[in-house]
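Heads up, the thing below is written out as structure tokens.
Residue numbers (this note's numbering): 109 to 248.
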């Protein structure tokens, strides 16, 4: 049983029906994790989506609050909580090249859960490649 944490953009792609950006194997793994109740997004993901909408960098087919409720109710995705341990761990990552707090929280969440992060973010994939956590490129 593999625990998966999907990055924010992967959730958006799934909900917008844009699975062409995901490999067949990634889709299979996401479906399997959803069935096994081991599919997560970070607690920071709803905030990140709302910020993208508020800045005009993402448009949705409905109000962002409604969109998030729908996304989390129909997809089998659970929200991994932002516990004090995860918050502190995000500040102690051995990784100085990525200042984005949302990405740091996502990485700390993946490490805390022992989850594989599904992402297309090359910085995150590079950091995982150094052995700090597990990640899978969504398109492969």
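C-beta atoms are modelled at their ideal positions from N, C-alpha and C, and glycine is treated no differently.
Residue range of the unbroken beta strand (DSSP E) whose run includes residue i
i, result
"residue 191", "Neither: residue 191 is in no beta strand (DSSP E) and is coded neither H nor E."
Whether residue i touches residue j by CB criterion (7 Å)
i, j, result
"residue 168", "residue 160", "no"
"residue 127", "residue 135", "yes"
"residue 150", "residue 214", "yes"
"residue 210", "residue 225", "no"
"residue 221", "residue 188", "yes"
Those residues which DSSP pairs with residue i across a bridge
i, result
"residue 150", "188"
"residue 243", "225"
"residue 112", "147 and 224"
Counted within 10 angstroms of its Cβ, other Cβ atoms place residue i as buried (16 or more) or exposed
i, result
"residue 247", "exposed"
"residue 170", "exposed"
"residue 115", "buried"
"residue 174", "exposed"
"residue 109", "exposed"
"residue 156", "buried"
Residue i versus residue j: straight-line alpha-carbon distance, rounded
i, j, result
"residue 223", "residue 208", "20 Å"
"residue 200", "residue 228", "23 Å"
"residue 198", "residue 231", "16 Å"
"residue 158", "residue 112", "22 Å"
"residue 176", "residue 154", "7 Å"
"residue 131", "residue 233", "16 Å"
"residue 141", "residue 186", "11 Å"
"residue 219", "residue 152", "15 Å"
"residue 245", "residue 133", "11 Å"
"residue 118", "residue 195", "22 Å"
"residue 129", "residue 235", "21 Å"
Run of the alpha helix (DSSP H) containing residue i, from where it starts to where it stops
i, result
"residue 181", "172-182"
"residue 237", "230-237"
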